[in-house]
Structure formats: C-alpha cells, structure tokens
Amino acid sequence: YSKRLRPGAPLRGFTFNTKRPPFDDARVRRAVALAMDREAIVRSIGVGEFVATDEFLGPNTDEYDAGLAGVLKASPEEAAKLFDQVGWSARDTDGFRVNRDGRRLSFELVATGNERTPPPAVLIMQANLKSVGAELRITTVTGSELNARVAARDYDVITGGWWSARSADILYLLYHSRHAPRRS
Numbered sequence: 002y003s004k005r006l007r008p009g010a011p012l013r014g015f016t017f018n019t020k021r022p023p024f025d026d027a028r029v030r031r032a033v034a035l036a037m038d039r040e041a042i043v044r045s046i047g048v049g050e051f052v053a054t055d056e057f058l059g060p061n062t063d064e065y066d067a068g069l070a071g072v073l074k075a076s077p078e079e080a081a082k083l084f085d086q087v088g089w090s091a092r093d094t095d096g097f098r099v100n101r102d103g104r105r106l107s108f109e110l111v112a113t114g115n116e117r118t119p120p121p122a123v124l125i126m127q128a129n130l131k132s133v134g135a136e137l138r139i140t141t142v143t144g145s146e147l148n149a150r151v152a153a154r155d156y157d158v159i160t161g162g163w164w165s166a167r168s169a170d171i172l173y174l175l176y177h178s179r180h181a182p183r184r185s
C-alpha cells in the first residue's frame with residue numbers, strides 16, 4: 002500500500018466548454034476550481050492510494066515549477082468572491098446564486114457513469130459547488146452519446162480524464178487552444 006502522486010497532470014475533474022456561458026468567463030472557471038475539495042475527491046477515487054495536489058502538475062514531474070504550488074488550493078471564500086464579481090451575487094429560495102435577470106447559476110455535467118466519471122467523486126463535486134451556490138446538474142449518457150455531444154460542443158462541462166506524462170509538455174496537450182475540438 003503506497004501513496005502515489007501521478008507525474009504530469011494528475012487528474013482533471015472538469016473540462017469546461019469555454020465557448021458558451023457561464024464558462025466563457027475565466028473567473029467562473031477559476032471559481033469552480035477553487036470550490037473543489039480535492040482531498041475528498043481523490044480519497045473517493047483512489048481509496049487512499051493517491052495524493053491530492055492543488056496545482057496543474059505533480060511536483061514529481063520533470064520541469065516542475067514550485068512557484069505555482071498551491072495555485073488550485075481550495076478556497077470556497079475566494080470562489081464566492083469571484084462569483085460575486087461576475088454578477089452571481091443574489092440567491093434564490095433554494096440558496097443557489099442568480100444573476101440580475103434572475104437566472105440561476107446552473108450547469109450540466111454530461112457523464113457516462115463508468116470509470117471516466119466515478120459517481121462518488123461527481124457527487125462530491127456537486128456538493129462542493131452547492132456549498133458556494135452553484136448548481137451542478139448531472140446527465141448520464143452512453144459513451145457514444147457523450148462523444149457526439151462533445152463533437153457538437155453540446156455540453157457545459159464533462160469530466161476531464163486521467164492524463165500522465167513525465168514532463169510539463171502535458172500542459173500544452175491539455176490546455177493549448179490548438180487542441181480544442183474543431184467543427185467540421
């Protein structure tokens with residue numbers, strides 16, 4: 002029984018559709034990231050086998066930069082401030098944030114319900130978001146339906162997947178706009 006930290010990008014909980022609201026605003030994406038209790042999520046997935054990290058790369062990755070340590074450290078308070086800045090400051094009767102038009106801060110996670118989206122982890126993420134006033138609706142689809150929705154960019158958020166690499170090059174593969182899905 003060992004504690005392991007995957008090199009590269011250990012686990013991305015969410016991949017956002019940045020082409021439509023609310024994730025077209027980087028502050029909303031950052032707020033969601035800051036709302037996450039990574040310790041609880043990793044504990045639910047790895048059953049004590051893996052170590053949570055609060056940065057984009059594991060410190061055991063070649064070319065790791067310690068200057069970015071803690072950049073994703075959970076802070077529900079900071080998440081709330083960012084949501085307020087973006088205009089999601091009021092609450093509805095259920096406690097969810099609403100904008101000035103009364104629209105709820107709500108988004109859909111399209112998931113397959115298999116190993117790509119461990120249900121306990123997804124439920125923890127949903128609870129983390131609810132604690133800061135954001136509603137995560139979970140829609141379970143087949144793998145082919147998920148692929149079709151991603152290809153059509155018909156999603157708000159999907160789970161990010163498992164990536165590992167021995168170098169920081171993984172950041173280019175995961176985050177550079179050149180790798181964004183293209184429409185035919």
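Its first residue numbered 2, the sequence shown is counted upward by one per residue in our numbering.
Here a beta-carbon is modelled for each residue, glycine too, at the ideal position from N, C-alpha and C.
Nothing here was measured: the structure is a model prediction, and the numbers come from that model.
Pairing K74 with M37, the inter-Cα distance amounts to about 8 Å. Bridge pairing for R154: absent [DSSP]. The alpha-carbon of S76 is positioned some 5 Å away from that of L35. Distance between R101 and E64, taken at the CA atoms: about 45 Å. In terms of CA proximity to I46, V123 leads the group E146, V123, G103. Inclusion of E79 and Y156 in the CB contact set at 8 Å is not warranted, their separation being larger than that value. A112: member of the beta strand (DSSP E) spanning 107-112, first to last residue.
R105 has its alpha-carbon roughly 12 Å from the corresponding atom of P22.
Distance from the CA atom of T140 to the CA atom of R98, rounded to whole angstroms, is 21 Å. For F57, the secondary structure class from DSSP, reduced to helix, strand or coil, is coil.
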